[in-house]
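Taking it in order: structure first as structure tokens, then the write-up.
In the numbering used here, the protein residues as written are 1093 to 1386.
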């Protein structure tokens, strides 16, 4: 007679009997008491916004790739439209990217999965898409230098996103360390949009696009501080003139979006180095005053 004392009972549960082609996502999150609780699935609403941003980035890439193809068949005017569509898609991705996190916080649906998914979406929309747009429209005219600059932008966007993820909770929320990838993408996209509205070809301004794209990439991995607007209190009272300025700003963007967005984001981009230089000047001034007092 066999000794069955060490035999394990057969597991007849449905979960172990059926092997799904796609594994169910399970995430451990702390409850109100701090104990980890396992939850299956992902939150739908915030991830819908992230997916929409990812689609906008993908659409931007496809439009930028398709633009040179239509030149021979439909003319340069149609090709310009595709480049403009590509740039606009990046700005749509920016809006959606700004909404997914806020929606998650408002509905209390934050998750580690959402944070990682958002970073991957940002890599496509604000790393690959603007680099390929700039390359297809202008940088290709610079040969090896052009694709190298485009790759530098992509690599810097990846490094910027990785650094941001590991610095969450350890840096001042009032400032970004380095230019945020959406802002860098906006500078590149708005420049392409503006030049196409002016009917200026990419080959004519390649000497401007090479340093612009390279600088935008370098600023993403710099240590310059940029105001994040995360501590902006929208519930507080503001002077009446502030409302008029906001209305005027929206009117300008609505009238000439390409030019307005370029100047807005270009100004924000150079604000980091300018603040750094002003800080150095102030520090040297204080040091000289201290030396004089001694």
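Glycine is no exception: its CB is placed at the ideal position from the N, C-alpha and C atoms.
Open item on the list: Considering Cα atoms alone, identify which of 1161, 1276 and 1313 is closest to residue 1221.
Closed with: 1276
- [ ] Quick one: grab the DSSP three-state call for residue 1184.
- [x] helix
Task: Residue of 1159, 1137 and 1177 minimising C-alpha distance to residue 1197 - done: 1137
- [ ] Classify residue 1355 as helix, strand or coil using the three-state DSSP reduction.
- [x] helix
- [ ] Taking residue 1152 as the reference, give the member of 1314, 1376 and 1175 with the closest Cα.
- [x] 1175
Task: Buried versus exposed call for residue 1330 [16 or more other C-beta atoms within 10 Å across all chains shown] - done: exposed
Task: Helix, strand or coil at residue 1344 according to DSSP, with G and I counted as helix - done: helix
Task: Local conformation of residue 1366 per DSSP, three classes - done: helix
Task: Member of 1260, 1179 and 1367 whose CA lies at the smallest distance from the CA of residue 1219 - done: 1179
Task: Classification of residue 1272 by the beta-carbon crowding that lies within 10 angstroms, buried from 16 upward - done: buried
Open item on the list: Could you compute how far the alpha carbon of residue 1296 sits from the alpha carbon of residue 1332?
Closed with: 44 Å
TODO: Figure out for me which residue from 1360, 1211 and 1294 has the closest Cα to the Cα of residue 1225.
DONE: 1294
Open item on the list: Tell me which residues share the same chain as residue 1306 and place their Cβ nearer than 8 Å to its Cβ, disregarding the 5 neighbours each side in the sequence.
Closed with: 1241, 1244 and 1245
Task: Helix, strand or coil at residue 1373 according to DSSP, with G and I counted as helix - done: helix
Open item on the list: With distance defined between alpha-carbon atoms, name the residue in 1266, 1265 and 1303 nearest to residue 1283.
Closed with: 1303
Task: CA-to-CA distance, residue 1183 to residue 1156, given in whole angstroms - done: 14 Å
Task: Assigned exposure category for residue 1375 - 16 Cβ within 10 Å defines buried - done: exposed
Task: Helix, strand or coil at residue 1245 according to DSSP, with G and I counted as helix - done: helix
Task: Buried or exposed (CB count within 10 angstroms, at least 16 for buried), residue 1252 - done: buried
Open item on the list: Between which two residues does the alpha helix (DSSP H) holding residue 1153 run?
Closed with: 1136-1166
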